[in-house]
Each structure stands twice: as structure tokens, then as C-alpha cells.
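Asks: Before anything else, here's the structure in question.
In the working numbering, the protein residues as written are 3 to 421.
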């Protein structure tokens with residue numbers, strides 16, 4: 003099985019399928035057989051560059067996490083609290099079946115604070131939480147790319163925050179409506195004159211999805227996700243699969259389980275025949291492939307890095323150090339299956355493969371130069387990426403030319419949590 007977190011790729015390249023788990027927030031992935039886990043955590047900055055993590059990162063994480071959840075569980079936009087304070091209402095989210103009514107309010111006279119207020123069905127305030135401080139102006143909000151109108155039920159709501167240094171954070175939430183995007187439609191118009199007949203055919207494809215996924219398969223020549231046996235694929239957020247060439251966006255055999263808690267989309271004209279039976283909801287169709295948000299990242303430079311053949315034994319475990327690993331990673335003397343990684347960049351020239359034991363480390367980034375990430379058996383992985391520098395928020399990265407899709411088989415499971 004192959005799993006990639008924060009992978010770098012050229013979306014225009016063919017001949018490969020690249021799976022990316024975006025890490026705009028904390029991400030946790032569980033991969034393996036039985037009780038197997040693969041965990042990732044990271045923070046983002048308000049600024050655009052992937053290598054820049056500002057001191058507002060914690061605020062950004064919290065806002066992203068709460069706003070996405072609040073919008074997802076709401077039924078529309080309207081004021082919901084009977085608040086008499088001097089703060090300005092940014093947006094009110096009407097309570098759904100699983101949560102309270104929520105208002106996001108701006109206190110501009112008190113250091114530019116963004117406050118989240120929860121209310122009961124009677125409009126009385128039940129709680130409040132400061133999410134950000136130091137905003138330079140009142141946040142703006144957009145509903146389906148237009149001005150929000152109270153009493154409506156937009157599908158997507160965008161919150162825009164501007165920091166005191168001018169840095170911009172856009173936070174997107176998508177409501178769960180259960181209504182899939184319409185498939186492509188074709189309209190044919192025929193005009194007849196005394197001498198000629200002209201037929202004009204217009205094909206309308208569904209719009210591109212919101213670009214805020216927890217899981218993104220960039221696509222290529224193969225099937226992005228292949229499932230056989232009884233594996234489980236769970237995404238706590240939005241999941242999209244690029245496959246503009248058609249065919250299967252997800253292939254299934256046996257008795258797999260697919261569960262996506264946010265918007266679930268497959269690029270048209272690709273399909274998922276097994277989703278009707280094995281998925282908790284049917285995927286939407288979208289036209290334009292989502293682009294690689296990590297395409298601008300440089301490839302890790304191996305020059306000057308120590309070349310290693312394995313990890314060093316330390317009692318009942320092995321300690322791995324950053325560098326270039328020329329053989330399968332991780333490896334240690336016989337009988338050792340638990341590995342601890344020191345912080346840094348690991349360049350893997352033969353990929354990663356584990357069938358038992360554990361692999362853990364903080365502040366690490368694994369780059370597979372030639373090979374897949376294969377995790378199965380009873381192995382357990384728990385990794386967290388660097389919090390600063392070029393690789394901030396990226397725990398695993400794969401060479402885009404590696405020709406393999408994400409394959410889940412047996413009783414393996416992959417769980418991705420967005421925020």
C-alpha cells in the first residue's frame with residue numbers, strides 16, 4: 003500500500019498517479035492492518051508560502067477547524083443570537099440537527115478580535131471563544147462566491163481575515179446538503195433552411211470543486227485509488243480524485259468501505275461503480291482538475307547529506323538519523339521492529355516498507371526518491387512534520403515519477419482527518 007502526505011508533483015505530467023493528503027491543518031492518518039496508525043500533525047501560517055509559519059498559525063488552525071465544522075453542520079445563514087454587545091456580526095450560522103447556532107463576530111475596537119459565539123434555540127448566548135486577535139479590519143464573508151443574504155442556504159461559505167501585517171487567511175466551509183453536483187448535460191439545437199441543416203451541440207460540464215480538501219488525488223494514467231478485500235478508507239473532510247481521462251476514479255472489489263464526511267468528488271468523466279454499494283455517499287462530478295498546491299516546493303537536496311544503510315540499535319529499539327538511505331527504510335539488526343526518528347529530512351532511495359513494529363518521530367519529513375510508502379501487517383506509524391522551514395507541515399513527500407496508485411488491501415485502513 004502507498005500513502006503520501008503533502009506530496010509534490012507536476013499536475014501536467016502523465017504516466018503516474020500521485021496521492022496527496024493536504025496538510026493545511028493538523029492531519030491524522032491511520033494506515034495498516036488491525037490496530038495500525040499513521041499520524042501527522044502540522045500548523046499553517048496566514049501567509050501564502052508553504053515555508054512560512056507565522057505566529058498566527060495557532061489562530062489559523064483554530065479558525066479553520068471550527069469554521070469548517072460549523073458551516074458543515076448548519077442549515078443556512080441568519081442572525082441566531084440575541085447579543086447586545088458592541089461587536090459586529092460577521093456571519094450567523096443557523097443550527098443544524100447536530101449542533102448549536104453559531105455567530106462569528108468582530109470586535110474592532112478591542113485589538114481586532116474575531117469571536118465565535120454559540121446560542122441556544124431561544125437565541126440566548128451559551129458560550130463564546132476568541133479565535134483571533136490583531137485583525138486589521140472587519141472580516142468579509144462570501145456565500146457561493148457572492149454576498150451572503152440572511153435567510154438563504156448557500157452550499158459554500160468563505161471567511162476572509164486580514165492580519166495587522168496585511169497577511170490574508172481565507173477559511174472555507176461547505177454545508178452537507180446531500181445533493182450531488184449534476185452530471186454533464188448535452189443540449190442539441192437544429193436549425194433548418196431551404197438549402198442547409200446546421201446542428202450545434204453544447205456540452206456543459208459541472209464546475210470545479212472548492213479547493214479545500216483533506217485528501218486530493220492529483221491523477222495520472224492509472225486509477226487513483228484501488229481497493230480490494232475488506233479495507234477501509236475514511237476522510238474526515240473533503241476528498242477529490244482527479245481523473246480527466248475517464249475510466250474508474252476508484253476501483254473496488256471484495257467488501258471495502260468508503261466514508262467521506264465532507265464533499266466527495268471525482269473528476270468527470272471518471273466514475274466509481276462500487277461507490278453505490280460501498281460508500282456512505284455518492285461522489286459528485288467536477289470538470290477541472292485540482293492543481294498541486296505543493297508544485298512549487300523544491301526537491302530535497304541530497305548533496306552533502308550523510309549516506310546511511312540502516313538505523314542504529316539502541317536496546318530494544320533502533321534510532322534513525324536524517325540523511326540518504328540507499329536500501330529499504332527502515333532497517334535494523336534482526337529482532338528490532340521499533341524505530342525512533344530524530345528530527346530532520348530523510349531521503350529514501352528505495353521507499354518505505356513495514357509489515358510490523360512501529361515508526362515514530364517529531365519534526366521529520368520523509369521523501370521517497372524512488373519507491374512507494376508501503377505499510378501493512380501489524381505496523382504502527384506516528385509522525386509529525388517540521389513546524390518551520392521549507393517542509394513545514396509536510397510529513398511525507400513522494401517523487402511524482404513513482405508510477406503507483408494508492409492501494410488498500412486485506413484489512414488495511416486509511417483515515418484522514420482535516421482539522
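All residues carry an ideal CB built from backbone N, CA and C; glycine is no exception.
Just verifying my parser: in three-state terms, what is the DSSP assignment at residue 399?
Replies: The count along the chain shown starts at 1 and reaches residue 399 at position 397. Residue 399: strand per DSSP, three-state reduction.
Asks: For residue 123, which option in 98, 154, 232 has the closest C-alpha, if you only look at C-alpha atoms?
Replies: One-based indexing of the chain shown puts residue 123 at position 121. Nearest C-alpha to residue 123: 98.
Asks: With distances taken between CB atoms, is the gap from residue 372 to residue 330 smaller than 9 Å?
Replies: Residue numbering aside, residue 372 sits at position 370 when the chain shown is read from its first letter. Residue numbering aside, residue 330 sits at position 328 when the chain shown is read from its first letter. Their beta carbons are not under 9 Å apart, which means residue 372 does not touch residue 330 by this criterion.
Asks: Name the two residues that bound the continuous beta strand (DSSP E) containing residue 228.
Replies: Looking up residue 228 in the chain shown gives position 226. Residue 228 -> beta strand (DSSP E) spans 227-229.
Asks: How far does the beta strand (DSSP E) with residue 144 in it extend, from its first residue to its last?
Replies: On the chain shown, position 142 is the one that residue 144 refers to. Start and end: 142-145.
Asks: Report the residue from 282, 271, 239 whose alpha carbon sits nearest the alpha carbon of residue 247.
Replies: One-based indexing of the chain shown puts residue 247 at position 245. Nearest of 282, 271, 239 to residue 247, Cα basis: 271.
Asks: From the DSSP secondary-structure annotation, give me the bridge partner or partners of residue 321.
Replies: Locating residue 321 in the chain shown gives position 319, counting from the first residue. Answer by DSSP bridge pairing, in chain order: 314, 342.
Asks: Would you grab the beta carbon distance between residue 138 and residue 114 for me? Rounded to a whole angstrom, and I think it's under 8 Å.
Replies: Taking the chain shown and counting its residues from 1, one reaches residue 138 at position 136. Taking the chain shown and counting its residues from 1, one reaches residue 114 at position 112. Confirmed, about 6 Å.
Asks: Compute the beta-carbon to beta-carbon distance between residue 273 and residue 155, rounded to the nearest angstrom, for a pair I have assumed lies under 8 Å.
Replies: Here residue 273 refers to the residue found at position 271 of the chain shown. Here residue 155 refers to the residue found at position 153 of the chain shown. Going by Cβ atoms, the distance from residue 273 to residue 155 rounds to 29 Å, so no, they are not a contact pair.
Asks: Quick check: what's the CA-CA separation for residue 354 versus residue 265?
Replies: Taking the first residue of the chain shown as 1, we reach residue 354 at position 352. Taking the first residue of the chain shown as 1, we reach residue 265 at position 263. Using only the alpha carbons, I get a separation of about 31 Å.
Asks: Nearest-angstrom Cα distance between residue 254 and residue 276?
Replies: Translated into the one-based positions of the chain shown, residue 254 becomes position 252. Translated into the one-based positions of the chain shown, residue 276 becomes position 274. Rounded to the nearest angstrom, the two C-alpha atoms are 6 Å apart.
Asks: Could you name the residues that DSSP lists as bridge partners for residue 169?
Replies: Translated into the one-based positions of the chain shown, residue 169 becomes position 167. Residue 169 is not bridged to any residue.
Asks: Within 9 Å of any Cβ in chain C, is that where the Cβ of residue 386 sits?
Replies: No chain C is present in this structure, which holds just one protein chain.
Asks: Mind checking whether residue 164 and residue 66 have CB atoms under 9 Å apart?
Replies: Stepping through the chain shown from its first residue, residue 164 is reached at position 162. Stepping through the chain shown from its first residue, residue 66 is reached at position 64. Going by C-beta atoms, residue 164 is not nearer than 9 Å to residue 66.
Asks: So what's residue 43 in DSSP terms, helix, strand or just coil?
Replies: Taking the chain shown and counting its residues from 1, one reaches residue 43 at position 41. Below a pLDDT of 50, predicted positions are generally treated as unreliable, and residue 43, at 25, falls in that range; the measurement from the model is reported next regardless. Note: residue 43 maps to coil in three-state DSSP.
Asks: Please state the DSSP three-state secondary structure of residue 68.
Replies: Here residue 68 refers to the residue found at position 66 of the chain shown. Here residue 68 sits in helix by DSSP.
Asks: With a floor of 3 residues, list each beta strand (DSSP E) that falls wholly inside the segment 76-152, ordered by position along the chain.
Replies: With a minimum length of 3 residues, the continuous beta strand (DSSP E) runs that stay inside the segment 76-152 are 90-95, 103-109, 115-121, 127-134, 142-145.
Asks: Please report the distance separating the alpha-carbon of residue 288 from that of residue 177.
Replies: As a position in the chain shown, residue 288 is number 286, starting the count at 1. As a position in the chain shown, residue 177 is number 175, starting the count at 1. If you take the alpha carbons of residue 288 and residue 177, they lie about 17 Å apart.
Asks: What does DSSP give as the partner residues of residue 281 in its beta bridges?
Replies: What you label residue 281 is simply residue 279 of the chain shown in a count that begins at 1. 260, per the DSSP bridge assignment.
Asks: With residue 219 as the anchor, note down where its beta strand (DSSP E) starts and where it stops.
Replies: Position 217 of the chain shown, counting from 1, holds the residue named residue 219. Here the beta strand (DSSP E) through residue 219 covers 217-221.
Asks: Over what stretch of residues does the beta strand (DSSP E) that includes residue 363 continue unbroken?
Replies: Position 361 of the chain shown, counting from 1, holds the residue named residue 363. Looking at the DSSP string, the run of the beta strand (DSSP E) that includes residue 363 is 360-364.
Asks: For residue 328, collect the residues of the same chain with a Cβ closer than 8 Å to its Cβ; drop the 5 residues on either side in sequence, then sort them by chain order.
Replies: By one-based count along the chain shown, residue 328 stands at place 326. 309, 310, 311, 351, 352.
Asks: What first and last residue would you give for the beta strand (DSSP E) that runs through residue 162?
Replies: Position 160 of the chain shown, counted from the first residue, corresponds to residue 162. From DSSP, the beta strand (DSSP E) with residue 162 extends over 158-164.
Asks: For residue 345, count neighbouring C-beta atoms within 10 Å of its own C-beta (all shown protein chains included) and say buried if the count is 16 or more, exposed if not.
Replies: As a first step, residue 345 is located in the chain shown; it is residue number 343 there, counting from the start. Exposed, by the Cβ-count rule.
Asks: Going straight from the alpha carbon of residue 91 to that of residue 239, what length do you get?
Replies: Locating residue 91 in the chain shown gives position 89, counting from the first residue. Locating residue 239 in the chain shown gives position 237, counting from the first residue. Each residue's Cα considered, the two are about 27 Å apart.
Asks: With DSSP collapsed to three states, give me the class of residue 309.
Replies: Stepping through the chain shown from its first residue, residue 309 is reached at position 307. Three-state DSSP puts residue 309 in a strand.
Asks: Apart from the five residues on each side of it in sequence, which residues of its chain come closer than 6 Å, Cβ to Cβ, to residue 132?
Replies: Here residue 132 refers to the residue found at position 130 of the chain shown. Same-chain partners within the cutoff: 115, 117.
Asks: Apply the 10 Å Cβ neighbour rule to residue 374 and answer buried if 16 or more other Cβ atoms are within range, or exposed otherwise.
Replies: Reading the chain shown from its first residue, position 372 is the one you call residue 374. Label assigned to residue 374: buried.
Asks: Do the CB positions of residue 399 and residue 361 come within less than 9 Å of each other?
Replies: Against the chain shown, residue 399 aligns to sequence position 397. Against the chain shown, residue 361 aligns to sequence position 359. Not in contact: residue 399 and residue 361 (Cβ atoms no closer than 9 Å).
Asks: How would you label residue 258, buried or exposed, when you count the other beta carbons within 10 angstroms and need 16 or more for buried?
Replies: On the chain shown, position 256 is the one that residue 258 refers to. Buried.
Asks: Exposed or buried, what is residue 197 when buried is set at 16 or more other beta-carbons lying within 10 Å of its beta-carbon?
Replies: Within the chain shown, residue 197 is the residue found at index 195, counting from 1. Bear in mind that the predicted position of residue 197 carries a pLDDT of just 44, short of 50, making it unreliable; the figure below should be weighed with that in mind. Counting Cβ neighbours within 10 Å, residue 197 comes out exposed, since fewer than 16 surround it.
Asks: Does the beta-carbon distance from residue 143 to residue 121 come in below 9 Å?
Replies: Taking the chain shown and counting its residues from 1, the one referred to as residue 143 is at position 141. Taking the chain shown and counting its residues from 1, the one referred to as residue 121 is at position 119. Taking 9 Å as the Cβ cut-off, residue 143 and residue 121 do not qualify as a contacting pair.
Asks: On a Cα-Cα basis, can you pick out the residue from 317, 341, 336 that is closest to residue 324?
Replies: If you number the chain shown from 1, residue 324 lands on position 322. The shortest C-alpha separation from residue 324 is found at 341.
Asks: According to the Cβ coordinates, are residue 307 and residue 366 closer than 9 Å?
Replies: Counted from its first residue, the chain shown places residue 307 at position 305. Counted from its first residue, the chain shown places residue 366 at position 364. No; because the gap between Cβ atoms is not below 9 Å, this pair is not in contact.
Asks: In whole angstroms, what separates the C-alpha of residue 336 from that of residue 313?
Replies: If you number the chain shown from 1, residue 336 lands on position 334. If you number the chain shown from 1, residue 313 lands on position 311. Answer to the nearest angstrom: the Cα atoms are 12 Å apart.
Asks: Just reading off the beta strand (DSSP E) that residue 253 is part of, what are its end residues?
Replies: Translated into positions along the chain shown, residue 253 becomes position 251. Where residue 253 is concerned, the enclosing beta strand (DSSP E) stretches over 252-254.
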